[in-house]
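**Q** 1 is the number of the first residue of the sequence shown in the UniProt record's numbering; add one for each residue after it. Note that beta-carbon positions come from the ideal geometry of N, C-alpha and C, so glycine has one too. Dumping the structure here so I can ask a few things about it.
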Amino acid sequence: MKKYFFLVLLCSFFSCEKKENTHELISSNFTNGVSELIHEVDQLKLLVASDAKLSTIQNQFLKARNSYKKLEWMSEYYYPTVSKSINGPAIPEFEENDGITVPPEGLQVVEEFLFPKYDVATKSDLEMEIGVLRSNLNRLQKVSEKTTLADTYIFDALRLSVFRMITLGITGFDSPVALHSIPEAKVVLESIAQTVALYKNKIDKESFQALTTTLSQGKKYLGTHTNFNAFDRAYFIKNIANPLSKQLYQCQKNALISFAKETRGLKTTAQTLFDKEAFDIEAFNGFPDYKTTPEKIALGKKLFNDPILSGNNTRSCASCHHSDIAFTDGLEQTISLDGKTKVKRNTPTLMNIAFQRAFFYDSKVSYLEDQAVAVITNEIEMHGSLEKSVKALQKDKKYVAEFKKAFPKNEINEFGIKNALASYVRSLSKYNSKFDEYMRDEVQFSSDEKAGFNLFAGKAKCATCHFIPLTNGTVPPNFMKTESEILGVPNRHNYLDADLGKYELTQAEIHRNSFKTPTIRNIELTAPYMHNGVFKTLEEVIDFYNKGGGIGLGFKVPNQTLPEDPLLLSEKEKKQLIAFMKTLTDTKS
């Protein structure tokens, strides 16, 4: 018995020692990687200071970006705040709590100085930005000194790095000017391969071989297909990235490594971004104790179609959100409750909007419950009152019974009304379009549809704002923030539209003419387009983007976040882009 106990203890010791060694090696690789990145940035600083040739400076910058990409899987997961300072978008942010605008910093800011060409007159500003970057790398070095690693989170981080590569990497989001995204994706795969190799003895041979084969195929494909515009993203995602994230999941499962328990928008158990149940609707719900149920959905649907919630009992939510056209109304702006004037903005679709962190064009509320209240109580939309609605509903025996089913512990109250409505709207998010089925290998695309997707996620730069797979502005892979953009949208008279958007709420100059990036699911059904309904067709929308937005039309939009350079799309490419966008239509109930 003592001998048996000793053997168990010995095995346990070596098992712990092996795990410790694995974690130590990962930490060591990361530490060495940070040192390498610091070295590359220091070299860049020296080259700029000595006025080296532009090509030499640019190449050194790309080396520095590659060095960051080696670290990205771990840096973004364990140190997201510092990582954002190192490789966040080159646009300012407004801190709502403090009421201040924070300028951008990091690699993407430096990139804009150096690409496509470098103006020596900006040298001092460039040197300052490199200095800021260097300081943030010191922060990364410091915060990483006492990190405790765990297998669960290492594998979680690796799968998220694949999702990040699909959504923010190969689309050009985080290398928007240099368009160095494809070579960087190869570095990401090399980094994943280096890390999983440390788990070779813990993963069954068959699973490990499948994973390493996919990684090798991916590195080879990325190494031989480096042209940003010509890159076949559809092929890469379906044949490399999706299998890779599935295999990482399978290796983790087979190695008996637990999955992260936290609740988040993209489930910790999602094998790919395109799984039918990849997203957790409840993670976007601000009221976790009030989960969506079939009873709430049924009640919400009835309330949605009942004018009892309006002030004069003549208008329901369905009056402006028609189910046959993806819950829009087909108008530039709908008619107000008085039957004479118009509401301020176009009626947005309600389908597939639940996976967002902000609602309304100006992002004024964060939850669907609050959106419902804002519409019901708006004087020109429904001019209702939840307090009065409660009293009216309490007099209806059928509603009393249905509320009891949906909320067994409560009487009819104001929260129940808005939670039921929100539950119904959440149920309208299904992700079963042809695009979703294509990514799950259930159907095939036509050649034009496939070319259109590659344009959407590449040359046309649509996916840098309408992130795949949700195609809205909720930023992957964490899906914790929904973005707004300044496009410079014209009015019907071809002047810059006077609607100030989010600026009316924040009074921050960076939000002047800023509007939430909406979902483009079901876009073929939701014309007219933009916050003011100015564009009647998808062809008009694409022409607007192709010209470079408002600046391209000659408007003064100094804070425009849409790149002002023309996209140079051919007529054929425009048609292919539309062919793809039509695959985003949900065809099933």
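1) Check whether the Cβ atoms of LEU266 and ASN352 lie closer than 8 Å to each other.
2) If we count the other Cβ atoms within 10 Å of its Cβ and call it buried at 16 or more, is ILE100 buried or exposed?
3) Quick check: the Cα distance between LEU505 and PRO176, rounded to an integer number of angstroms?
4) Count the other CB atoms, across all protein chains shown, that sit within 10 Å of the CB of THR464; report buried if there are 16 or more and exposed otherwise.
5) Residue 597 lies in the beta strand (DSSP E); which residues open and close that run?
6) Just the Cα atoms here: how many angstroms apart are GLU509 and TYR503?
7) Within the same chain, show all residues whose beta-carbon is closer than 7 Å to that of LYS536, passing over the 5 residues directly before and after it, in chain order.
8) Which residues does DSSP pair with LEU496 in a beta bridge?
9) Contact defined as beta carbons within less than 8 Å: I believe THR263 pairs with ILE240. What is the distance between those atoms, to the nearest angstrom?
10) Can a CB atom of chain E be found closer than 8 Å to the CB of PRO558?
11) Check whether the Cβ atoms of THR349 and ASN522 sit closer than 8 Å, and answer yes or no.
12) How about GLY501 and ASP370: are their beta carbons less than 8 Å apart?
13) Answer yes or no: do LEU47 and THR56 have a C-beta to C-beta separation smaller than 8 Å?
14) First and last residue of the beta strand (DSSP E) that includes ASN196?
15) Could you give the first and the last residue of the continuous alpha helix (DSSP H) run that contains THR101?
16) Do SER446 and ALA579 come within 8 Å of each other at the CB atom, strictly closer than that value?
17) Cβ of THR167 within 8 Å of Cβ of ARG357?
18) Can you tell me the Cα-Cα spacing of PHE155 and SER191, whole angstroms?
19) By Cβ distance, which residues of its chain are closer than 8 Å to VAL390, with the 5 residues on each side in sequence left out?
20) Using only alpha-carbon positions, find the residue among ASP586, ALA49 and ASN21 that is nearest to PHE327.
21) Among ALA318, SER316, ALA460 and GLU379, which one has its Cα closest to the Cα of VAL343?
22) Only counting the same chain, and skipping five residues up and downstream in sequence, which positions put a Cβ closer than 7 Å to that of LYS582?
23) Less than 8 Å between C-beta atoms, sequence neighbours within five positions excluded: which residues of the same chain meet that for PRO183?
24) Name the residue from THR268, GLY384 and ALA283 whose alpha carbon lies nearest to the alpha carbon of TYR153.
25) Express the C-alpha separation of LEU133 and LYS205 in angstroms, rounding to a whole number.
26) Suppose only complete runs of 4+ residues qualify. What are the alpha helix (DSSP H) ranges in the UniProt domain "Cytochrome c" (447-585), listed by chain order?
27) Classify ASP338 as buried or exposed, calling it buried when 16 or more other Cβ atoms lie within 10 Å of its own Cβ.
28) Using a 10 Å radius around the Cβ and a threshold of 16 neighbouring Cβ atoms, would you call THR471 buried or exposed?
29) Looking at PRO566 and GLY552, is the spacing between their C-beta atoms short of 8 Å?
30) Can you say whether PRO408 is buried or exposed, counting buried as having 16 or more other CB atoms within 10 angstroms of its CB?
31) Kindly indicate the opening and closing residues of the alpha helix (DSSP H) around GLU127.
32) Starting from the Cα of THR147, find the closest Cα among LEU487, PHE359 and TYR77 and give me that residue.
33) Report, in whole angstroms, the separation of the C-beta atoms of TYR79 and LEU107, which I expect to be a contact under 8 Å.
34) Just list the beta strand (DSSP E) runs in the segment 63-91, keeping only unbroken ones of 3 residues or longer that don't cross its boundaries, in chain order.
35) Does the beta-carbon of ILE240, which I'm using as the reference point, lie nearer than 7 Å to any heavy atom of the ligand HEM?
36) Which of the three DSSP states, helix, strand or coil, is assigned to ILE335?
**A** Quick answer:
1) Walking along the sequence shown from the start, residue 266 turns up at place 266. Walking along the sequence shown from the start, residue 352 turns up at place 352. It is not a contact, given that the beta carbons lie outside the stated cut-off.
2) Counting from one through the sequence shown, the residue named residue 100 turns up at place 100. Burial call: exposed.
3) Translated into positions along the sequence shown, residue 505 becomes position 505. Translated into positions along the sequence shown, residue 176 becomes position 176. Spanning the two alpha carbons is a distance of roughly 29 Å.
4) Taking the sequence shown and counting its residues from 1, the one referred to as residue 464 is at position 464. Counting Cβ neighbours within 10 Å, THR464 comes out buried, since at least 16 surround it.
5) Only positions 1 to 589 of the chain appear in the structure, and residue 597 is not among them; the question remains open.
6) Mapped onto the sequence shown, residue 509 falls at position 509. Mapped onto the sequence shown, residue 503 falls at position 503. C-alpha of GLU509 to C-alpha of TYR503: approximately 7 Å in a straight line.
7) Reading the sequence shown from its first residue, position 536 is the one you call residue 536. ALA527 and PRO528.
8) On the sequence shown, residue 496 is found 496 positions in, with the first residue counted as 1. Paired residues: PRO490.
9) In the sequence shown, residue 263 corresponds to position 263, counting from 1. In the sequence shown, residue 240 corresponds to position 240, counting from 1. Actually they do not touch by this definition, with Cβ atoms about 29 Å apart.
10) Chain labels in this structure do not include chain E; a single protein chain is all it has.
11) As a first step, residue 349 is located in the sequence shown; it is residue number 349 there, counting from the start. As a first step, residue 522 is located in the sequence shown; it is residue number 522 there, counting from the start. Going by C-beta atoms, THR349 is nearer than 8 Å to ASN522.
12) On the sequence shown, residue 501 is found 501 positions in, with the first residue counted as 1. On the sequence shown, residue 370 is found 370 positions in, with the first residue counted as 1. Cβ distance not < 8 Å, so GLY501 and ASP370 don't count as in contact.
13) Within the sequence shown, numbered from 1, the residue matching residue 47 stands at position 47. Within the sequence shown, numbered from 1, the residue matching residue 56 stands at position 56. For LEU47 and THR56, yes; Cβs fall inside 8 Å.
14) Counted from its first residue, the sequence shown places residue 196 at position 196. In the sequence under discussion, the amino acid at residue 196 is Val, which differs from the Asn named in the question. No beta strand (DSSP E) contains VAL196, which is instead part of the alpha helix (DSSP H) from 181-196.
15) Position 101 of the sequence shown, counted from the first residue, corresponds to residue 101. Not the alpha helix (DSSP H): THR101 falls in the beta strand (DSSP E), residues 100-102.
16) Here residue 579 corresponds to residue number 579 of the sequence shown, with the count starting at 1. Here residue 446 corresponds to residue number 446 of the sequence shown, with the count starting at 1. Cβ distance < 8 Å, so ALA579 and SER446 count as in contact.
17) For the purposes of this step, residue 167 is identified with residue 167 of the sequence shown, where counting begins at 1. For the purposes of this step, residue 357 is identified with residue 357 of the sequence shown, where counting begins at 1. Cβ atoms of THR167 and ARG357: not closer than 8 Å.
18) For the purposes of this step, residue 155 is identified with residue 155 of the sequence shown, where counting begins at 1. For the purposes of this step, residue 191 is identified with residue 191 of the sequence shown, where counting begins at 1. If I take the Cα positions, the gap works out to 13 Å.
19) As a first step, residue 390 must be located in the sequence shown, where it is residue number 390. Correct list, in chain order: ILE412, ASN413, GLU414 and ILE417.
20) Residue mapping note: residue 327 aligns to position 327 of the sequence shown, counting from 1. When each option's Cα is compared against that of PHE327, the closest is ASP586.
21) Here residue 343 refers to the residue found at position 343 when the sequence shown is read from its first residue. If we check each option's Cα against that of VAL343, GLU379 comes out closest.
22) If you number the sequence shown from 1, residue 582 lands on position 582. The answer, listed in chain order, is GLU524.
23) Taking the sequence shown and counting its residues from 1, one reaches residue 183 at position 183. Here the set comprises LEU62, ASN66, LEU222 and THR226.
24) Here residue 153 refers to the residue found at position 153 of the sequence shown. The candidate whose alpha carbon is nearest that of TYR153 is THR268.
25) As a first step, residue 205 must be located in the sequence shown, where it is residue number 205. As a first step, residue 133 must be located in the sequence shown, where it is residue number 133. Going by the C-alpha atoms only, they are around 42 Å apart.
26) For the alpha helix (DSSP H) assignment, the uninterrupted runs of no fewer than 4 residues enclosed by the UniProt domain "Cytochrome c" (447-585) are, from N- to C-terminal side, 447-456, 503-506, 538-546, 549-552 and 571-581.
27) Against the sequence shown, residue 338 aligns to sequence position 338. The residue in question, ASP338, is exposed, as its Cβ has fewer than 16 Cβ neighbours within 10 Å.
28) Taking the sequence shown and counting its residues from 1, one reaches residue 471 at position 471. Buried, because 16 or more other Cβ atoms sit within 10 Å of the Cβ of THR471.
29) To locate residue 552, count along the sequence shown from 1; it is residue 552. To locate residue 566, count along the sequence shown from 1; it is residue 566. Yes.
30) What you label residue 408 is simply residue 408 of the sequence shown in a count that begins at 1. Answer is exposed; the Cβ neighbour count stays below 16.
31) The count along the sequence shown starts at 1 and reaches residue 127 at position 127. Run containing GLU127: 123-143, per the alpha helix (DSSP H) assignment.
32) As a first step, residue 147 must be located in the sequence shown, where it is residue number 147. Considering only alpha carbons, the answer is TYR77.
33) Numbered from its first residue, the sequence shown carries residue 79 at position 79. Numbered from its first residue, the sequence shown carries residue 107 at position 107. Contact flag wrong, Cβ pair sits at about 15 Å.
34) If we require 3 residues or more, the segment 63-91 turns out to have no beta strand (DSSP E) run fully inside it.
35) Among the components of this structure there are no ligands whatsoever, and the ligand HEM is therefore not found.
36) Residue 335 sits at position 335 when you count from the first residue of the sequence shown. Strand.
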